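Chains as they are written, first to last, in full-length UniProt numbering: chain A, 1 to 162; chain B, 1 to 203.
Glycine included, C-beta positions come from ideal geometry on N, C-alpha and C.
The model shown is predicted, which means the values in this text are computed figures rather than measured ones.
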Amino acid sequence: MQPFEQIVTAYGPMVLRVCRAVLGPEDADDAWSETFVAAMRAYPGLPAGANVEAWLVTIAHRKAIDVTRAAARRPTPVEALPERPSRTGRPEDWDGDLWQALRGLPAKQRQAVAYHYLAGLPYKEIAGLLGGSTDAARRAAADGLRTLRSTYPATDHEEMAR
Amino acid sequence: MNTAQDPQHLLAALPADDEPALARLHDRLADRAEREGILDVAYRTLDTPVGSLLIAATARGLVRVAFAVQDHDAALRLLADQVSPRVLHAPVRLDAASRQIEEYFTGRRTGFDLPLDWRLSRGFRRDVLSHLPDIGYGRTETYAQVAAATGRPRAVRAVGTACATNPLPIVVPCHRVVRSDGTPGGYAGGPEAKRTLLALETG
């Protein structure tokens, strides 16, 4: 079995992208931490040849739900992001416009987009996580992506992609 | 390709590898894992006059010291197989060991005072290794003398094997075991490393 450190190195970046896309910048760190603590706890029992991406995304999916619930119970709500997100030049800042657009999606569409396009999970696996059929998962991702294309300003992501 | 239509470009504002954030999260994970008792093996590397050393500890104590020539990745894989796959780069647990090894290399320390986890060594090899700390700083014994001291005077080659497979070199001083002709003999960290350590101790 690989040392768990290698799992963190190999999949940590992907899980962070997924957590950020599903939860936004405020809560993504907590979800990432909870995911990797739970994964490390369970790791010795992971069957040989298991799909590590799918396993981690499954844990992240559950932890994101927990974090969302905990956030909803917090006495003081997190302040809304400013209209125009600051670009302070810190490398860990990412485009707040994208999160504004993602946040506008229904949760299932946001999750389907993240799990398919950021984690590379097949729709069959995503359906297992979200409930419903494989086709429904595929539609959720397609609908989510279509909305994103219209709500997320094109100039920004063309510039960011370069 | 029309970039505006490509989902990967659409999501490109999410950094693929946000190193500062991941470094911070990794530290937080190591801290949580330690507090929750799931950090079975913590490790770090240390730059020394004999090259980069990998040092690893369980909750019981220092379990492995590996030279760069022994391949740190291979050493970590072995720890994952023989101790637990819950292995994490977590330097805090190794603060005392790092400090003592640094002091040793600057000549300010002649003996180690660290809890040791002997689980990677068994049987006669372990008997041999537990004798080694009795060879004082700056002194040497021959393979034959060590064999006699562990009650098996004819097991000279087995003593050589025990030293060559010492999971805790430097801290458990197998470098102080030399050939009867006075030449240093083999060493897990390479003959040059053995000469460096012996020279350091006879300063």
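- The beta carbons of B:Arg44 and B:Pro91 sit closer together than 8 Å.
- Taken through DSSP and simplified to helix, strand or coil, B:Thr48 comes out as strand.
- Taking a C-beta cut-off of 9 Å against chain A, the contacting residues of the segment 11-34 of chain B are Leu11, Ala12, Ala13, Leu14, Pro15, Ala16, Asp17, Asp18, Glu19, Pro20, Ala21, Leu22, Arg24, Leu25, His26, Arg28, Leu29, Arg32, Ala33, listed in chain order.
- Straight-line measurement puts the Cα of A:Met14 at about 23 Å from the Cα of B:Leu39.
- Within chain B, the residues whose beta carbon sits less than 8 Å from that of A:Val8 are His26, Leu29, Leu88, listed in sequence order.
- Contacts between A:Gln2 and chain B, judged by CB atoms closer than 8 Å, involve Arg77, Ala80, Pro85 in chain order.
- For the options A:Arg17, A:Asp97, A:Lys63, the alpha carbon positioned closest to that of A:Ala31 is the one of A:Lys63.
- At least one C-beta of chain B is nearer than 8 Å to the C-beta of A:Asp29.
- Counting other Cβ atoms within 10 Å of its Cβ, B:Glu19 stays below 16 and is therefore classed as exposed.
- Cβ contact annotation for A:Ala114 (same chain, cutoff 7 Å, sequence separation greater than five): Val18, Ala21, Val22, in chain order.
- In this structure the segment 156-163 of chain B lies against the segment 125-143 of chain B, because at least three pairs of beta carbons, one per stretch, are closer than 8 Å.
- If you check the CB distance, A:Phe36 and B:Arg86 do not come in under 8 Å.
- CA-CA distance, B:Arg157 to B:Ala30, rounds to 41 Å.
- From the listed residues B:Tyr143, B:Ala12, B:Trp118, the smallest Cα separation to B:Arg64 is found for B:Trp118.
- B:His26 and B:Arg93 have their C-alpha atoms spaced approximately 15 Å apart.
- A distance of 8 Å or more separates the beta carbons of A:Ala142 and A:Ala136.
- Beta-bridge annotation (DSSP): B:Arg64 is paired with B:Ala56.
- Against chain A, the beta carbon of B:Ile38 has neighbours under 7 Å at Met40, Arg41, listed in chain order.
- Straight-line spacing of the CA atoms in A:Trp99 and B:Glu102 works out to 47 Å.
- Residue-level contact by beta carbon fails for A:Tyr123 and chain B, as no gap is shorter than 8 Å.
- Minimum Cα-Cα distance from B:Ala42 among the listed residues B:Tyr104, B:Thr48, B:Leu54, B:Val50 corresponds to B:Leu54.
- One finds Leu10 in chain B with Cβ atoms closer than 8 Å to the Cβ of A:Leu148, taken in chain order.
- Against chain A, the CB of B:Pro7 has a partner CB under 8 Å away; the residue lies at that interface.
- Distance check between B:Thr48 and each of B:Thr140, B:Ala23, B:Gly107 places B:Gly107 closest, using alpha-carbon atoms only.
- For B:Leu88, the three-state secondary structure derived from DSSP is strand.
- Rounded to the nearest whole angstrom, the CA to CA distance from B:Leu10 to A:Tyr43 is 33 Å.
- The residue from B:Lys194, B:Gly189, B:Glu34, B:Leu200 with its alpha-carbon nearest to that of B:Phe67 is B:Gly189.
- Annotated three-state conformation of A:Ala48 is coil, per DSSP.
- The beta carbon of A:Gly49 does not come within 8 Å of any beta carbon belonging to chain B, so the residue lies off that interface.
- Pairing B:Ala56 with B:Leu88 gives a Cβ-Cβ distance that is not under 8 Å.
- B:Arg122 has its alpha-carbon roughly 46 Å from the corresponding atom of A:Asp66.
- In the assembly as shown, A:Lys124 is an exposed residue. Its beta-carbon has fewer than 16 other beta-carbons within 10 Å.
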